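Participant: Quick one: this structure, given as structure tokens, is what I'll be asking you about.
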Amino acid sequence: MGKFDGILLASDMDGTLLDDNRTIGRETIAALEYFTENGGYFSLATGRTRPATA
Numbered sequence: 921m922g923k924f925d926g927i928l929l930a931s932d933m934d935g936t937l938l939d940d941n942r943t944i945g946r947e948t949i950a951a952l953e954y955f956t957e958n959g960g961y962f963s964l965a966t967g968r969t970r971p972a973t974a
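In the working numbering, the protein residues as written are 921 to 974.
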């Protein structure tokens with residue numbers, strides 16, 4: 921069993937997950953990797969259209 925089994929983390933993109941340069945910071949990426957490697961699920965929750973999230 922992972923530390924985060926069964927936990928879903930949903931994040932908005934603009935101003936939350938993405939910085940002013942529209943990138944995800946290295947620390948954020950590392951935290952999300954740790955979270956998912958330990959059983960957590962991650963999803964985007966955004967008002968953007970699907971093509972705009974790529």
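Even glycine gets a Cβ: it sits at the ideal position worked out from N, Cα and C.
If you're wondering where the values come from, they're calculated on a predicted model, not measured in any experiment.
Tell me, to the nearest whole angstrom, how far the beta carbon of L928 is from that of S963; I am working on the premise that it is less than 8 Å.
Facilitator: So it is a contact: roughly 7 Å between Cβ atoms.
Participant: Helix, strand or coil for A965 per DSSP?
Facilitator: Reduced to three states, the DSSP call for A965 is coil.
Participant: Put L928 into one of helix, strand or coil per three-state DSSP.
Facilitator: L928 falls in the strand class under three-state DSSP.
Participant: Within its chain, find whatever has a CB closer than 6 Å to the CB of Y961; leave out the 5 residues flanking it on each side and keep chain order.
Facilitator: The answer, listed in chain order, is L928.
Participant: Determine the direct distance from the alpha carbon of D939 to that of E947, and round the result to whole angstroms.
Facilitator: Taking the straight line joining both Cα atoms gives about 12 Å.
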